[in-house]
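Report on one structure; see the data block that follows.
Protein chains: 2
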Amino acid sequence: MKCRRCRKPAVIDVRRHNAGFCSDCFLHHCREQVRRAIDDFEMIRPGERVLVAVSGGKDSLGLWHLLRQLEYQADGLYIGLGIGEYSDESRRYAQAFASGEGARLIDVDLPAGFGFDIAEGSRVAHRAPCSACGLSKRHLFNSVATAHGYDVVATGHNLDDEAAVLFGNVLRWETGYLGRQHPVLPAAPGFKRKVKPLVRMGEREMAAYCFLAGIDYMVEECPMADGNRHLGYKAALNTIEERSPGTKAAFVFGFIERVHDRFAPDAEKEREDLAPCTHCGAPTTGDICAFCRMQERATPLALNEPT
Amino acid sequence: MKCRRCRKPAVIDVRRHNAGFCSDCFLHHCREQVRRAIDDFEMIRPGERVLVAVSGGKDSLGLWHLLRQLEYQADGLYIGLGIGEYSDESRRYAQAFASGEGARLIDVDLPAGFGFDIAEGSRVAHRAPCSACGLSKRHLFNSVATAHGYDVVATGHNLDDEAAVLFGNVLRWETGYLGRQHPVLPAAPGFKRKVKPLVRMGEREMAAYCFLAGIDYMVEECPMADGNRHLGYKAALNTIEERSPGTKAAFVFGFIERVHDRFAPDAEKEREDLAPCTHCGAPTTGDICAFCRMQERATPLALNEPT
Numbered sequence: 001m002k003c004r005r006c007r008k009p010a011v012i013d014v015r016r017h018n019a020g021f022c023s024d025c026f027l028h029h030c031r032e033q034v035r036r037a038i039d040d041f042e043m044i045r046p047g048e049r050v051l052v053a054v055s056g057g058k059d060s061l062g063l064w065h066l067l068r069q070l071e072y073q074a075d076g077l078y079i080g081l082g083i084g085e086y087s088d089e090s091r092r093y094a095q096a097f098a099s100g101e102g103a104r105l106i107d108v109d110l111p112a113g114f115g116f117d118i119a120e121g122s123r124v125a126h127r128a129p130c131s132a133c134g135l136s137k138r139h140l141f142n143s144v145a146t147a148h149g150y151d152v153v154a155t156g157h158n159l160d161d162e163a164a165v166l167f168g169n170v171l172r173w174e175t176g177y178l179g180r181q182h183p184v185l186p187a188a189p190g191f192k193r194k195v196k197p198l199v200r201m202g203e204r205e206m207a208a209y210c211f212l213a214g215i216d217y218m219v220e221e222c223p224m225a226d227g228n229r230h231l232g233y234k235a236a237l238n239t240i241e242e243r244s245p246g247t248k249a250a251f252v253f254g255f256i257e258r259v260h261d262r263f264a265p266d267a268e269k270e271r272e273d274l275a276p277c278t279h280c281g282a283p284t285t286g287d288i289c290a291f292c293r294m295q296e297r298a299t300p301l302a303l304n305e306p307t
Numbered sequence: 308m309k310c311r312r313c314r315k316p317a318v319i320d321v322r323r324h325n326a327g328f329c330s331d332c333f334l335h336h337c338r339e340q341v342r343r344a345i346d347d348f349e350m351i352r353p354g355e356r357v358l359v360a361v362s363g364g365k366d367s368l369g370l371w372h373l374l375r376q377l378e379y380q381a382d383g384l385y386i387g388l389g390i391g392e393y394s395d396e397s398r399r400y401a402q403a404f405a406s407g408e409g410a411r412l413i414d415v416d417l418p419a420g421f422g423f424d425i426a427e428g429s430r431v432a433h434r435a436p437c438s439a440c441g442l443s444k445r446h447l448f449n450s451v452a453t454a455h456g457y458d459v460v461a462t463g464h465n466l467d468d469e470a471a472v473l474f475g476n477v478l479r480w481e482t483g484y485l486g487r488q489h490p491v492l493p494a495a496p497g498f499k500r501k502v503k504p505l506v507r508m509g510e511r512e513m514a515a516y517c518f519l520a521g522i523d524y525m526v527e528e529c530p531m532a533d534g535n536r537h538l539g540y541k542a543a544l545n546t547i548e549e550r551s552p553g554t555k556a557a558f559v560f561g562f563i564e565r566v567h568d569r570f571a572p573d574a575e576k577e578r579e580d581l582a583p584c585t586h587c588g589a590p591t592t593g594d595i596c597a598f599c600r601m602q603e604r605a606t607p608l609a610l611n612e613p614t
């Protein structure tokens, strides 16, 4: 197989695009995919400061690298979730990448700063660990971006992630979530704009990008995600994609182009009910936001002392 | 496990309903599920004549049996598709059931009446066999019902079928198909009302119904369906259902209750473009309907001699 762009021998075959690429042209292809996602969905305007949510894995480090390659002013935010050795090691990958690039990494630690870890938050909030974790990350991501004056927050959700989340939301027809599922969530009172520049990149392509770009990342998956429903959705979609390459992209982009608008009012209605959390000021439908409630239950005495 | 209804030992466990049933109560449960589907969606009005599409398999024979148990005036239509021994055998099952019940079975044979079989139709129309078959069955089902003055046509699509079709339509966001996917398709110029009374019944429950009701049915699957995409969708959904019983029902009924209306205009738009086929009179978007075009290509001389 030859490189689609320069005709040299290909090192990777992207079946969805029915194309092979040599190493240099693949890195170029990835940059173009991200550039196109950013342009198509008007994710980042010139001069804006971007905060990238960095876990130490291939997607977030690859995204940070790609944004810097495309000359965006992008800093990183690492959130320590207190998941034992897994957290320690992923922090080391994030820090090593940042220092190698000479990039700024903000480091927030959930146990040190808020007095509880994901296992404890999950227990007291009666939520699955992945739910407590997602809630904490979304909350801190938004509050740190606000505190540090970033214009936009970027996450490393790739095409496979988006397809799996969409599949889960469609299986239960979560109309509010469907109304919010988009590569760009516009800013709103109390919310920074959220963007997903990797929406055109598959999981396997991100792994290849990191390998070919020489990015050292945390390969191990989170030990608490084991048995997570989304892994089942991913497996189901992978089986179908294997047989019909392009299925995931058609699923996600067909939704964005022809279907998302039909659910947008459902999300709008939910947003109208939001008011600032009486403790932290984050938008919430109750008096106290779900993150502060979780913290209160986990560490009743610590609630008034967030860092 | 005990029967939910009479506390005798259960012979079947319906995980989705978290309930076990003894043989008699399971048959009662199935009748109630079908009665409820018919009532909820106003499928059949008192005194209406129903034509049931009968393949000889568990779903269509079970449906026919259930409608007769519920005292509907239901006759059967068997369509011979010319798929060798498979067609011969499935016809024998349909005929045996009809004569055992003393019920009327209309028998239409595609090769004998129209001069081509599914393999040939598939070849000349450049369609997958399942597509040529579905097209032929829909066409003949509607035209026979019209010719014989039936009010409504009923098909044996069960919950698993509906979930798999919905999954396929959602993966490609076929907005027109989504607008037509409903347990009742109302009558329209040239179209009889179409209903799916088994929408609340799983595949496994239909097999158990036939077994417990003593209905002898064709177990073998169509040899031409091998590798059909829908089988892949069913397998994917089965894996998810296995882990989260009720997923398929939530997917299908959530769609019907909260989502179908959002796509109905897409189907409406397609219906507006229909006009009678210049050959057979069936509604079509072209001059000649897809069935007549397929017949014309397969047997140019036979086009003017339909039975």
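Taken in sequence, the protein lines are chains L and G. Sequence positions in the first sequence follow my numbering and run 1 to 307. Sequence positions in the second sequence follow my numbering and run 308 to 614. In this text, a Cβ means the ideal position worked out from N, Cα and C, and glycines have one as well.
If you draw a straight line from the C-alpha of M601/G to the C-alpha of H230/L, how long is it?
It is roughly 43 Å from the alpha-carbon of M601/G to the alpha-carbon of H230/L.
In this structure, does DSSP put D151/L in helix, strand or coil?
coil
Quick one: list the residues of chain G neighbouring R243/L, beta-carbon separation under 7 Å, in chain order.
G539
Return helix, strand or coil for L492/G, following the three-state DSSP convention.
strand
Does the beta-carbon distance from L110/L to G76/L come in below 8 Å?
no
Pull out every residue of the region 465-480 of chain G whose Cβ sits closer than 8 Å to any Cβ of chain L, in chain order.
V477, L478, R479, W480
Within the continuous alpha helix (DSSP H) that includes R200/L, where are the two ends?
Run containing R200/L: none; DSSP gives neither H nor E here.
Going by DSSP, what residue range makes up the alpha helix (DSSP H) through L229/L?
A quick correction: the sequence has Arg, not Leu, at residue 229/L. Here the alpha helix (DSSP H) through R229/L covers 229-243.
Helix, strand or coil, according to DSSP, for P9/L in the structure here?
For P9/L, the three-state secondary structure derived from DSSP is strand.
For the beta strand (DSSP E) containing V52/L, name the first residue and the last one.
That run of the beta strand (DSSP E) goes 49-54.
If you count every other CB in all the chains shown that lies within 10 Å of the CB of G281/L, and 16 or more means buried, which is it?
exposed
Let me know the secondary structure DSSP gives P276/L once reduced to three states.
strand
Please return the same chain residues whose Cβ sits closer than 6 Å to the Cβ of K8/L, not counting the five positions on each side in sequence.
Answer for K8/L: C22, listed in chain order.
What separation, rounded to the nearest whole angstrom, lies between the Cα atoms of P607/G and F423/G?
11 Å
Would you mind sorting N476/G into buried or exposed? The rule is 16 or more other CB atoms within 10 Å of its CB.
buried
In this structure, does DSSP put N611/G in helix, strand or coil?
Residue placement at N611/G is poorly supported in this model, since its pLDDT is 48, which falls under 50; the coordinates are not used for a value here.
Over the uninterrupted alpha helix (DSSP H) stretch that includes I118/L, give me the two end residues.
118-125
Where C240/L and M525/G are concerned, what is the direct C-alpha to C-alpha distance, given to the nearest angstrom?
In the sequence as displayed, the identity of residue 240/L is Ile instead of Cys. If you take the alpha carbons of I240/L and M525/G, they lie about 29 Å apart.
Look up R445/G in the DSSP assignment and give the residues it is bridged to.
Beta-bridge partners assigned by DSSP to R445/G: none are found.
Quick check: what's the CA-CA separation for E612/G versus H586/G?
A caution first: E612/G carries a pLDDT of 49, below 50, which makes its placement in the model unreliable, though a value can still be read off. For E612/G and H586/G, the distance between alpha carbons rounds to 10 Å.
Output needed for V153/L: all residues of its chain with C-beta closer than 6 Å, excluding positions within five of it in sequence on either side, in chain order.
L51, F141, A145, K192, K194
Could you please tell me which residues of the region 578-590 of chain G, in chain order, have their CB closer than 9 Å to any CB of chain L?
none
Are the beta-carbon atoms of A96/L and D216/L separated by less than 8 Å?
yes
How about M224/L and L159/L: do their beta carbons lie closer than 8 Å?
no
Between the region 544-573 of chain G and chain L, which residues of the former have CB atoms less than 7 Å from a CB of the latter, in chain order?
T546, I547, R550, T554, A557, F558, G561, F562, R565, V566, R569
Identify the contact partners of T175/L in chain G, using a Cβ-Cβ distance below 8 Å as the criterion.
R565, V566
Do Q380/G and R356/G have their C-beta atoms closer together than 8 Å?
yes
Quick check: the Cα distance between R604/G and R430/G, rounded to an integer number of angstroms?
10 Å
Quick check on the burial criterion: 16 or more other C-beta atoms within 10 angstroms. Buried or exposed for A10/L?
buried
Please confirm whether K196/L and P186/L have their CB atoms less than 8 Å apart.
no
How about R487/G and A582/G: do their beta carbons lie closer than 8 Å?
Not a contact, by the Cβ cut-off of 8 Å.
From what residue to what residue does the alpha helix (DSSP H) around Y379/G run?
For Y379/G, there is no enclosing alpha helix (DSSP H), as DSSP gives it neither H nor E.
If you draw a straight line from the C-alpha of V455/G to the C-alpha of I413/G, how long is it?
A quick correction: the sequence has His, not Val, at residue 455/G. If you take the alpha carbons of H455/G and I413/G, they lie about 10 Å apart.
Expressed to the nearest angstrom, what Euclidean distance is found between the alpha-carbon atoms of R479/G and F255/L?
9 Å
Where do the N-terminal and C-terminal ends of the beta strand (DSSP E) with G412/G fall, by residue?
Note that residue 412/G is Leu in the sequence shown here, rather than Gly. Start and end: 412-416.
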